[in-house]
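If you're matching them up, the sequences are chains A and B in order. The first sequence begins at 11 in the numbering used here and counts up by one. The second sequence begins at 11 in the numbering used here and counts up by one. Beta carbons are placed, not taken as given, at the ideal position from N, Cα and C, and that holds for glycine. Here the structure is a predicted model, which means the values were calculated and not measured.
Number of protein chains: 2
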Amino acid sequence: MTATKTARERARAELTQEIKDEARRQLAEVGAHGLSLRAVARELGMVSSALYRYFPSRDRLLTDLIVDAYNAIGEAAENADPGKGAPRDRWLAIWQATRDWARAHPHEYALIYGSPIPGYQAPQDTVAPAARVALALVKVLTHTELRAIDGEVAPELRAQAETLTKVLGIVAGPETVTRLLMAWTQLFGAINFDLFGQYVGSVDPADEFFTHSARRMAEFVGL
Amino acid sequence: MTATKTARERARAELTQEIKDEARRQLAEVGAHGLSLRAVARELGMVSSALYRYFPSRDRLLTDLIVDAYNAIGEAAENADPGKGAPRDRWLAIWQATRDWARAHPHEYALIYGSPIPGYQAPQDTVAPAARVALALVKVLTHTELRAIDGEVAPELRAQAETLTKVLGIVAGPETVTRLLMAWTQLFGAINFDLFGQYVGSVDPADEFFTHSARRMAEFVGL
DNA sequence: CTCTGTCAAGAGCAGTGCTCTCTATTTTGT
DNA sequence: ACAAAATAGAGAGCACTGCTCTTGACAGAG
Numbered sequence: 011m012t013a014t015k016t017a018r019e020r021a022r023a024e025l026t027q028e029i030k031d032e033a034r035r036q037l038a039e040v041g042a043h044g045l046s047l048r049a050v051a052r053e054l055g056m057v058s059s060a061l062y063r064y065f066p067s068r069d070r071l072l073t074d075l076i077v078d079a080y081n082a083i084g085e086a087a088e089n090a091d092p093g094k095g096a097p098r099d100r101w102l103a104i105w106q107a108t109r110d111w112a113r114a115h116p117h118e119y120a121l122i123y124g125s126p127i128p129g130y131q132a133p134q135d136t137v138a139p140a141a142r143v144a145l146a147l148v149k150v151l152t153h154t155e156l157r158a159i160d161g162e163v164a165p166e167l168r169a170q171a172e173t174l175t176k177v178l179g180i181v182a183g184p185e186t187v188t189r190l191l192m193a194w195t196q197l198f199g200a201i202n203f204d205l206f207g208q209y210v211g212s213v214d215p216a217d218e219f220f221t222h223s224a225r226r227m228a229e230f231v232g233l
Numbered sequence: 011m012t013a014t015k016t017a018r019e020r021a022r023a024e025l026t027q028e029i030k031d032e033a034r035r036q037l038a039e040v041g042a043h044g045l046s047l048r049a050v051a052r053e054l055g056m057v058s059s060a061l062y063r064y065f066p067s068r069d070r071l072l073t074d075l076i077v078d079a080y081n082a083i084g085e086a087a088e089n090a091d092p093g094k095g096a097p098r099d100r101w102l103a104i105w106q107a108t109r110d111w112a113r114a115h116p117h118e119y120a121l122i123y124g125s126p127i128p129g130y131q132a133p134q135d136t137v138a139p140a141a142r143v144a145l146a147l148v149k150v151l152t153h154t155e156l157r158a159i160d161g162e163v164a165p166e167l168r169a170q171a172e173t174l175t176k177v178l179g180i181v182a183g184p185e186t187v188t189r190l191l192m193a194w195t196q197l198f199g200a201i202n203f204d205l206f207g208q209y210v211g212s213v214d215p216a217d218e219f220f221t222h223s224a225r226r227m228a229e230f231v232g233l
């Protein structure tokens, strides 16, 4: 319909982006806790109330930044996968790229994988972007011969795993799917501990520990 | 020296405790983000400025709550270990108790294993209490015959692992120590994902997945 | 009994998110 | 082309925050 936007619409889209950019810049400096609408407005040379024409609340702004962050880390993971070559190498590359993004954008990472910011709410807009890293890992396993792994799986977990198998469209038993979830958990658990200082005193720096974990978890899922 | 305190000292200690209790109560309701010194004071029937005689800043109050939380979850983990019996059962009991505590005190948990609250700072007071859960797991492995596990360990990681071996006083090779760290990471990674809603859409509820993870990680470390 | 250190209280500062009203400007419909 | 409608930013203001400084009261030690 409106292939060409009106001047207002273009201005609005641009300003919306500028607000997000400035907010992201401040986020990197003072963290989510210290992000102030008024400071953002001030920096953009406008008055604070004008911001509310673009974002109905501070939390909505943060939610938008969350979605962006999920997409950014997901894209980083996807781009790290060459799509062909040794599956173990692809797997490792994705782990590495995910951690690298997190270390480069600690506050944005904390926004999505730290504690939920307000009184806890995860809008529906976030679930799809949030799955991108996991899907990048799954992609490595599809069209790849996996070592079959047996193991007792409790009934409810088995059902959950089988549902996942269908959704993801992979050929793997419930034990393997469960292990994949564990690997996913391990990936972000390790990044969390690294970024939030829990490895200080044990494996600090954690670089080698991280790549070691990546390799062991590749074996663990049967790659 | 001062076995008996003066009336003032006793009053001070009591009030300090009351402040922390009230703060903890509010924390459970509104989360760390919403914790307000003025509200705490109001509830205690005092004026906000009086609170500063007991805690020099809001962050110091939070830091005290953090230390308490580390000790509480650590104690829960320690108490769950019967000290004798099948190591696998002890291991599982600790995992379970840790998760239970986290689910019972989500905001306190978020305080210690979520994103660091202010401009990031982990005072030295927190490192000892923070290690208690991990040490409870280690305790299960001491005086227990572990399945020996070989595996290539990169030089720096090997050195870190060997230092840890000495500190912890366990008999295990670097591969096993590294795997123990991975299990520790997996434990809190799973609790994080569960509490912060990342398992919604895959393994929700995550109860069976969690106990499955606990068992698999027990095998993984050679238990 | 006086003197000194500790205490709660009050006022106040600078900052916050957010709402409401007013005015200027752009877009739209006739 | 012109009036009507929608949208923009500005300003004032509310209720709240953490935190500081000063003041007056009181307890404990000499």
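Could you check what DSSP says for aspartate 91 of chain A in three-state terms: helix, strand or coil? The answer is coil: DSSP assigns aspartate 91 of chain A none of H, G, I, E or B.
Simplified DSSP assignment, three categories, for lysine 149 of chain A: Lysine 149 of chain A sits in a helix when the DSSP states are folded into three classes.
Keeping to the same chain, check which residues put their C-beta closer than 7 Å to that of glutamate 172 of chain B; ignore five residues upstream and five downstream. Within the same chain, Cβ atoms closer than 7 Å to the Cβ of glutamate 172 of chain B are found at Pro184, the five residues on either side in sequence being excluded.
By the three-class DSSP mapping on this structure, what secondary structure does aspartate 74 of chain B have? Taken through DSSP and simplified to helix, strand or coil, aspartate 74 of chain B comes out as helix.
Alpha-carbon to alpha-carbon, leucine 75 of chain B and leucine 151 of chain A: Roughly 44 Å between the two C-alpha positions.
Taking just the CA atoms, how far does isoleucine 29 of chain A sit from phenylalanine 65 of chain A? C-alpha separation (whole angstroms): 9 Å.
Cβ-Cβ distance between proline 126 of chain A and phenylalanine 198 of chain B below 8 Å: Contact: no.
With C-beta atoms as the reference, is methionine 192 of chain B less than 8 Å away from serine 58 of chain A? No.
Any beta carbon from chain A within less than 8 Å of arginine 70 of chain B's own beta carbon? So no, arginine 70 of chain B is outside the interface.
Consider the Cβ of methionine 56 of chain B: report whether some Cβ of chain A lies at a distance smaller than 8 Å. It does not; no Cβ of chain A falls within 8 Å.
Valine 137 of chain B CB to nearest chain A CB: under 8 Å? Closer than 8 Å: yes.
Limits of the alpha helix (DSSP H) - the one that leucine 61 of chain B falls within: Counting along the chain, the alpha helix (DSSP H) containing leucine 61 of chain B begins and ends at 58 to 61.
Take glutamate 155 of chain A as the anchor and find which of A:Leu233, A:Ala144 and A:Ala141 has the nearest alpha-carbon. Looking at the Cα atoms, A:Leu233 is the closest of the given residues.
Nearest to arginine 98 of chain B by alpha carbon, out of B:Leu147, B:Ser46 and B:Gly44? Looking from the CA of arginine 98 of chain B, the closest CA among B:Leu147, B:Ser46 and B:Gly44 belongs to B:Leu147.
Nearest-angstrom Cβ-Cβ length linking valine 137 of chain A and alanine 87 of chain A, presumed shorter than 8 Å: About 17 Å separates the CB atoms of valine 137 of chain A and alanine 87 of chain A; that is not less than 8 Å, and the two are not in contact.
Determine the direct distance from the alpha carbon of aspartate 78 of chain A to that of glutamate 32 of chain A, and round the result to whole angstroms. Approximately 14 Å between the Cα atoms of the pair.
Is the CB of phenylalanine 65 of chain A under 8 Å away from at least one CB in chain B? Judged by the 8 Å Cβ criterion, phenylalanine 65 of chain A is not in contact with chain B.
Contact under 8 Å by Cβ, glycine 230 of chain A with threonine 188 of chain B: Reading the sequence as shown, one finds phenylalanine at residue 230 of chain A and not glycine. Between phenylalanine 230 of chain A and threonine 188 of chain B, the CB-CB gap reaches or exceeds 8 Å.
Mind listing the chain A neighbours of glutamate 172 of chain B? Cutoff is C-beta to C-beta under 9 Å, in chain order. The contacting residues do not exist; glutamate 172 of chain B stays about 12 Å from chain A at best.
What residues in its chain sit with their C-beta under 7 Å from that of leucine 145 of chain A, if we drop five residues either side in the sequence? Nothing meets the Cβ criterion.
Quick check on the burial criterion: 16 or more other C-beta atoms within 10 angstroms. Buried or exposed for proline 92 of chain B? It counts as exposed.
According to DSSP, is lysine 15 of chain A helix, strand or coil? When secondary structure is reduced to three states using DSSP, lysine 15 of chain A falls in the coil class, being assigned neither helix nor strand.
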